[in-house]
Every structure is written in C-alpha cells, then in structure tokens.
Amino acid sequence: HARHGRQGGAAPNVLRDPRAAAGGRRDGAFGSKDRLDAFLAVGLLSMILLPLYLQNLRGLSPLETGLLVMPGGLAMGLLGPTAGKVFDRFGSRPLVLPGTIGIVLSLAGFAMVSQTMPYWQILGLHSLLMVSLAAMFTPIFTLGMGALPQHLYSHGSSILGTLQQVAAAFGTALVVTVMSARAESLAAEGVPAAAAQLSGMRLAFGVAAALAVVTVFIALKLPNRVAPQKVEDHSGGHADRGDPVPANEA
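Position in the sequence shown (first residue = 1) + 28 = this note's numbering.
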C-alpha cells in the first residue's frame with residue numbers, strides 16, 4: 029500500500045511541475061531554458077531605449093526611426109527557418125553560444141552611445157542583436173520543450189509564455205528606472221537635460237549588457253541536443269518518448 033501511495037502521488041506531482049518530468053533537476057534543459065529566456069527578455073526590452081534615443085536626442089521622426097531599425101527586425105524574422113535547419117543538423121551550440129556573445133557585444137556597444145554616433149553603427153549594433161536573438165530562440169525553445177514528455181507540452185509552453193511576459197515587464201521597468209534615476213540625479217547637479225538623459229541611457233544599456241553576460245554561462249550548460257528519454261507512465265510502466273522533433277518540423 030505504501031508503494032501504491034507513492035506511485036499514486038507521483039503522477040499529480042509531475043502534472044503540476046514539468047521540471048519533475050524532465051528528471052527533477054533544476055539545472056536541466058527546461059530549467060536552464062527558463063533562466064535563459066528571462067535574461068534574454070531583459071536584454072531585448074532594453075531596446076525600448078533605442079527609439080527614445082533616436083527621437084529625443086538625435087531628432088529623428090518616428091518614420092525615420094522605424095526605417096532605421098527595420099533591417100534588424102526583418103533579419104530576425106527571415107533567419108528563423110534557417111536557424112531551425114542549422115539546429116537540426118548541428119545541434120544548439122553553434123547557434124546559442126555565438127548568439128549570447130553577440131547579444132553581449134551589441135548591448136555593450138549601445139552602452140557607449142553618443143550624440144554623434146554614426147547611424148550605420150547604430151544599424152549594425154541593432155542588426156547584430158536581432159540576428160543573435162534569431163539564432164537563439166529556435167534552439168532554446170526546442171531544447172526546453174524537448175526535455176518534457178509530450179503530454180506536458182501545453183504546461184511547459186504556458187510556463188515559458190508566462191515567464192517571458194514577467195521577465196519582459198521586469199526588463200522594461202529595470203532599464204527605464206535606471207535611466208530615469210541617473211538622468212534625474214545628474215539634472216539635479218546642473219547637467220543639461222540632453223546630456224543627463226544620454227548618460228542614463230548609457231548606464232541602462234550597461235546594466236542590460238551585464239545581465240546578458242549571465243546568458244553566456246547559462247548557454248554553456250545547455251545540452252547540444254535533447255536525448256530521447258523514457259518516462260514513467262501512469263500505469264507504472266515506462267514509455268519511450270521517441271526521437272526529438274526537428275526544429276523546422278515542430
């Protein structure tokens with residue numbers, strides 16, 4: 029009866045926590061993907077500062093700002109299928125590790141922004157960030173979901189979606205708070221408003237770059253692929269989960 033009770037209590041536990049189905053390890057693919065997504069959202073949301081910089085400090089119109097950042101957005105959207113094919117052939121490491129390094133470099137470049145930075149440099153930094161994100165999203169989502177049995181895909185997707193929303197809200201609040209606090213502090217000391225705001229943006233981008241460094245270490249812990257796992261079914265036996273679904277067929 030005791031063994032029966034333990035088996036009976038295990039299934040609801042697995043249903044409530046997808047990490048338990050992934051082996052109960054906090055440092056497994058699903059947990060690492062959680063943390064990586066959170067830091068990526070913080071870094072990505074720092075881009076809310078770029079339109080403020082271009083319009084308030086460089087005097088661009090909303091249309092000109094949109095045209096300047098459009099190439100990066102197009103590159104991110106168009107490279108998604110290619111990233112999936114590369115992941116299917118070579119695994120995650122050729123995509124995720126260079127992607128995290130590219131994000132750090134682009135945010136570090138924005139941390140040195142000035143009122144005279146050439147527009148081609150801004151375009152290059154933004155495009156590097158978008159391409160790096162495109163290289164990462166498909167592999168880390170596939171690895172995270174691949175660590176779960178099929179019947180928990182919906183639960184895992186809900187957890188990841190919720191985490192992304194929370195991290196995005198936190199990232200927006202963080203970079204805007206850092207920028208505003210720095211700008212207000214300098215303005216109180218008599219620094220001109222434009223220079224104070226620019227200094228605040230630099231600090232906010234620097235904070236985002238520092239957080240992005242953490243993603244490099246998380247990426248090093250991710251497996252190249254998720255191996256097929258045998259998971260215990262509700263009848264007490266074992267069921268083979270089968271081969272991972274290729275990224276471009278998911």
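Think of the CB as a built atom: it goes at the ideal place given N, C-alpha and C, for glycine as much as any other residue.
**Study point:** Length of the line joining the Cα atoms of T110 and D116
**Key:** Numbered from its first residue, the sequence shown carries residue 110 at position 82. Numbered from its first residue, the sequence shown carries residue 116 at position 88. Going by the C-alpha atoms only, they are around 10 Å apart.
Review point. Is the segment 224–238 close to the segment 197–215, with three or more CB pairs under 8 Å?
Key: yes
Point to revise | Short Cβ contact (7 Å threshold) for V159 with A103 | key: Numbered from its first residue, the sequence shown carries residue 159 at position 131. Numbered from its first residue, the sequence shown carries residue 103 at position 75. Contact: yes.
Check your understanding: Counting along the chain, where does the alpha helix (DSSP H) carrying A139 start and finish?
Key -> As a position in the sequence shown, residue 139 is number 111, starting the count at 1. Where A139 is concerned, there is no enclosing alpha helix (DSSP H), given that its DSSP letter is neither H nor E.
Check your understanding: Does the separation of the CB atoms of A163 and A237 fall below 7 Å?
Key -> Counting from 1 along the sequence shown, the entry for residue 163 is found at position 135. Counting from 1 along the sequence shown, the entry for residue 237 is found at position 209. For A163 and A237, no; Cβs fall outside 7 Å.
Practice item. Taking G184 and L156 to be in contact with their CB atoms under 8 Å, please state how far apart those CB atoms are, rounded to whole angstroms. Key: Against the sequence shown, residue 184 aligns to sequence position 156. Against the sequence shown, residue 156 aligns to sequence position 128. With 8 Å as the limit, G184 and L156 do not qualify as a contact, their Cβ atoms being about 30 Å apart.
Review point. Got a sec: is the Cβ-Cβ distance from I168 to anything in chain B below 7 Å?
Key: Given the protein chain composition of this structure (a single chain), no chain B is represented.
Review point. To the nearest angstrom, how far is it from the Cα of A16 to the Cα of L171?
Key: An answer regarding residue 16 cannot be provided, because it is not within the stretch 29 to 278 covered by the chain.
Review point. Do you know whose CA, among L95, L133, Q149, T93, lies nearest L239's CA?
Key: Translated into positions along the sequence shown, residue 239 becomes position 211. Comparing Cα positions, the closest option is L133.
Check your understanding: Which ranges does the beta strand (DSSP E) cover as unbroken runs of at least 3 residues, wholly within the segment 195–263, from first to last along the chain?
Key -> 258–260
Check your understanding: So is M90 buried or exposed if we call it buried at 16+ other beta carbons inside 10 Å?
Key -> For the purposes of this step, residue 90 is identified with residue 62 of the sequence shown, where counting begins at 1. A small fix is needed here, since residue 90 is Pro in this sequence, not Met. So P90 ends up on the exposed side.
Practice item. Could you round the C-beta distance between P100 and H154 to whole angstroms and report it? I think they count as a contact, below 8 Å. Key: Within the sequence shown, residue 100 is the residue found at index 72, counting from 1. Within the sequence shown, residue 154 is the residue found at index 126, counting from 1. According to the sequence provided, residue 100 is Gly. The question's Pro does not apply to it. G100 to H154, Cβ: 4 Å. Contact.
Review point. Anyone know if the C-beta pair for V124 and P167 falls short of 7 Å?
Key: Sequence index remark: in the sequence shown, residue 124 carries index 96 (1-based). Sequence index remark: in the sequence shown, residue 167 carries index 139 (1-based). Yes; because the gap between Cβ atoms is below 7 Å, this pair is in contact.
Check your understanding: Going straight from the alpha carbon of L151 to that of H179, what length do you get?
Key -> Within the sequence shown, the letter at position 123 stands for residue 151. Within the sequence shown, the letter at position 151 stands for residue 179. Approximately 43 Å between the Cα atoms of the pair.
Review point. Taking C-beta to C-beta, are N252 and G87 nearer than 7 Å?
Key: What you label residue 252 is simply residue 224 of the sequence shown in a count that begins at 1. What you label residue 87 is simply residue 59 of the sequence shown in a count that begins at 1. Taking 7 Å as the Cβ cut-off, N252 and G87 do not qualify as a contacting pair.
Point to revise | Beta-carbon contacts of T128 that lie in its chain and below 6 Å, excluding the five residues immediately before and after | key: For this step, residue 128 is matched to residue 100 along the sequence shown. So the list reads T243, V244, A247, once near-sequence residues are dropped.
Practice item. Would you check if the distance between the CB atom of Q143 and the CB atom of L82 is smaller than 7 Å? Key: Numbered from its first residue, the sequence shown carries residue 143 at position 115. Numbered from its first residue, the sequence shown carries residue 82 at position 54. For Q143 and L82, no; Cβs fall outside 7 Å.
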